[in-house]
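K.L.:
Below is the structure I would like to discuss, written out as structure tokens.
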Amino acid sequence: MTEPMRATQTLKAILARREAVSVPGAANALFARVVEDLGFEAVYVTGAGLANMHLGAPDIGLTTVTEVASAVAAVADAVSLPIVVDADTGFGNAVNMVRTVRLLERAGAAGIQIEDQVFPKKCGHFTGKDVIPAGEMVQKVKAAVDARRDGDLQIIARTDARAVEDLDRAIERARAYIEAGADATFVEAPVSVEELARIARDLPVPQVANIVFGGRTPDPGRERLAGMGFSIVLYANAALQAALKASFDVLGALRRDGSLAGVTDRLASFEERQRAVDKDAWDAREARYRIP
Numbered sequence: 051m052t053e054p055m056r057a058t059q060t061l062k063a064i065l066a067r068r069e070a071v072s073v074p075g076a077a078n079a080l081f082a083r084v085v086e087d088l089g090f091e092a093v094y095v096t097g098a099g100l101a102n103m104h105l106g107a108p109d110i111g112l113t114t115v116t117e118v119a120s121a122v123a124a125v126a127d128a129v130s131l132p133i134v135v136d137a138d139t140g141f142g143n144a145v146n147m148v149r150t151v152r153l154l155e156r157a158g159a160a161g162i163q164i165e166d167q168v169f170p171k172k173c174g175h176f177t178g179k180d181v182i183p184a185g186e187m188v189q190k191v192k193a194a195v196d197a198r199r200d201g202d203l204q205i206i207a208r209t210d211a212r213a214v215e216d217l218d219r220a221i222e223r224a225r226a227y228i229e230a231g232a233d234a235t236f237v238e239a240p241v242s243v244e245e246l247a248r249i250a251r252d253l254p255v256p257q258v259a260n261i262v263f264g265g266r267t268p269d270p271g272r273e274r275l276a277g278m279g280f281s282i283v284l285y286a287n288a289a290l291q292a293a294l295k296a297s298f299d300v301l302g303a304l305r306r307d308g309s310l311a312g313v314t315d316r317l318a319s320f321e322e323r324q325r326a327v328d329k330d331a332w333d334a335r336e337a338r339y340r341i342p
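Going by this note's numbering, the sequence shown opens with residue 51, and the numbers climb by one from there.
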């Protein structure tokens, strides 16, 4: 009997296909369940989303590794999809990176994304970023590779040097991270379709694109990104942005009208809400373990 693929192996296979697989972000287990229910192949635990939803704060390096690990564990309990985790800068130096990788792998990560910003980091589409020396990031990538217990755990090395230096330097950094052992790389915040195409053409390992609604990078669509050779395309906070707008619209109507009568079409039904959290399965467990 053939053993089922581990989540790490599944993610590795997805990356190898170079089909620009759409990977939505989830800041919590409920959003992850929606991602799985809709048939996506993987889910991304978004650092920005976690900062926004858990702390009510911007993505400026305020979350801790234990908060991220806790969120990953909750997502891993809720879905069977491979989980790509935004681990920011690794929460410290190369030694801290060892603990970060071990914590997140144990929590259920199939892939861990690390970046070369200084700590505290900022959202990749904010101004005022800075990056650490490339040599320091190389050592952090090596530490991440050495720390993983499952050799198929995907280490994704992100560089933010496009905004700080230029695209040439960003590609040079990505090449150095590949030599250090990164399984995939991620050049953040290219500003044109031409830059996207060059990134995918010039770097030999699987590539990640990040599409932020309102951000710096254009969205040419999955077909064109697949044609360029990208492996996965992150839509890290589409669910969060949709939920935030809906919350303002629905609660604004409640505040104005004193009723939800005018916005019922914007609300999931009670039944849809219970299906989203798999209540039937929990009811079945309750019945199974009921005292005779």
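Ideal placement from N, C-alpha and C gives every residue a C-beta, glycine not left out.
1. Since Ile164 contacts Ala207 with CB under 8 Å, what's their CB separation in whole angstroms?
2. For Phe320, count neighbouring Cβ atoms within 10 angstroms of its own Cβ and tell me buried if that reaches 16, exposed if not.
3. From the DSSP secondary-structure annotation, give me the bridge partner or partners of Leu42.
4. Leaving out the 5 sequence neighbours to the left and right, which residues in its chain are closer than 6 Å to Ile182 when beta-carbon positions are compared?
5. I need the straight-line Cα distance from Asp328 to Ala124, nearest angstrom please.
6. Confirm, please, whether the CB-CB distance from Ala144 to Lys179 is below 7 Å.
7. Are Ala157 and Val134 close, meaning C-beta to C-beta below 7 Å?
8. Which whole-angstrom value is the C-beta distance of Ile205 and Gly174, which I expect to be below 8 Å?
9. Assign Gly161 to buried or exposed, taking buried as 16 or more other Cβ atoms, counted over all protein chains shown, within 10 Å of its Cβ.
10. Tell me which residues share the same chain as Phe236 and place their Cβ nearer than 6 Å to its Cβ, disregarding the 5 neighbours each side in the sequence.
11. Hey, out of Glu336, Ser242 and Val188, whose CA is closest to Leu217's CA?
12. Would Pro270 count as contacting chain C if we go by Cβ distances under 7 Å?
13. Rounded to a whole number of angstroms, what is the C-alpha to C-alpha distance between Pro268 and Ile261?
14. Please state the DSSP three-state secondary structure of Val84.
15. So, under 8 Å CB-CB, Ile282 and Leu253 are touching, yes? Tell me the CB distance rounded to an integer number of Å.
16. For Gln59 and Leu203, what's the separation of their Cα atoms in angstroms?
17. Using alpha carbons as the reference points, say which of Asp330, Phe298, Pro132 and Pro256 lies closest to Arg56.
18. Using DSSP with H/G/I as helix, E/B as strand and the rest coil, what is Tyr339?
19. Taking the alpha carbon of Ala193 as the point to measure from, which residue in Thr150, Phe176 and Arg223 has its own alpha carbon closest?
20. Evaluate Glu238 with the Cβ neighbour count: other Cβ atoms within 10 Å of its Cβ, from every protein chain shown; 16 or more gives buried, anything less gives exposed.
P.N.:
Straight from the coordinates:
1. In the sequence shown, the residue the question calls residue 164 occupies position 114. In the sequence shown, the residue the question calls residue 207 occupies position 157. In this structure, Ile164 and Ala207 form a Cβ contact; the two beta carbons are roughly 6 Å apart against a cut-off of 8 Å.
2. By 1-based counting over the sequence shown, the position of residue 320 is 270. It counts as exposed.
3. In this structure the chain extends from 51 to 342, so residue 42 is not present and cannot be described.
4. The count along the sequence shown starts at 1 and reaches residue 182 at position 132. Result list for Ile182: Asp166 and Val168, in chain order.
5. Sequence index remark: in the sequence shown, residue 328 carries index 278 (1-based). Sequence index remark: in the sequence shown, residue 124 carries index 74 (1-based). For Asp328 and Ala124, the gap between their C-alpha atoms comes out near 15 Å.
6. Translated into the one-based positions of the sequence shown, residue 179 becomes position 129. Translated into the one-based positions of the sequence shown, residue 144 becomes position 94. No, Cβ-Cβ distance for Lys179 and Ala144 is not below 7 Å.
7. The count along the sequence shown starts at 1 and reaches residue 157 at position 107. The count along the sequence shown starts at 1 and reaches residue 134 at position 84. Their beta carbons are not under 7 Å apart, which means Ala157 does not touch Val134 by this criterion.
8. The residue you call residue 205 lines up with position 155 of the sequence shown. The residue you call residue 174 lines up with position 124 of the sequence shown. Contact between Ile205 and Gly174 does not hold, since the beta-carbon distance rounds to 18 Å and is not under 8 Å.
9. Your numbering for residue 161 matches position 111 in the sequence shown. That one is buried.
10. Walking along the sequence shown from the start, residue 236 turns up at place 186. Within the same chain, Cβ atoms closer than 6 Å to the Cβ of Phe236 are found at Ile206, Arg208 and Val258, the five residues on either side in sequence being excluded.
11. The residue given as residue 217 occupies position 167 in the sequence shown. For Leu217, the closest of Glu336, Ser242 and Val188 by C-alpha to C-alpha distance is Ser242.
12. In the displayed structure, chain C is absent; only one protein chain is listed.
13. Within the sequence shown, residue 268 is the residue found at index 218, counting from 1. Within the sequence shown, residue 261 is the residue found at index 211, counting from 1. Roughly 7 Å separates the two Cα atoms.
14. In the sequence shown, counting from the first residue as 1, residue 84 sits at position 34. Val84: helix per DSSP, three-state reduction.
15. Residue numbering aside, residue 282 sits at position 232 when the sequence shown is read from its first letter. Residue numbering aside, residue 253 sits at position 203 when the sequence shown is read from its first letter. That belief does not hold up - the Cβ atoms of Ile282 and Leu253 are roughly 14 Å apart, past 8 Å.
16. Your numbering for residue 59 matches position 9 in the sequence shown. Your numbering for residue 203 matches position 153 in the sequence shown. Gln59 and Leu203: Cα-Cα distance of roughly 8 Å.
17. Residue 56 sits at position 6 when you count from the first residue of the sequence shown. The residue with the shortest Cα to Cα distance from Arg56 is Pro132.
18. Indexing the sequence shown from 1 puts residue 339 at position 289. Here Tyr339 sits in coil by DSSP.
19. Within the sequence shown, numbered from 1, the residue matching residue 193 stands at position 143. Minimum Cα distance to Ala193 is reached at Thr150.
20. Along the sequence shown, one-based indexing puts residue 238 at 188. The residue is buried, with at least 16 neighbouring Cβ atoms inside 10 Å.
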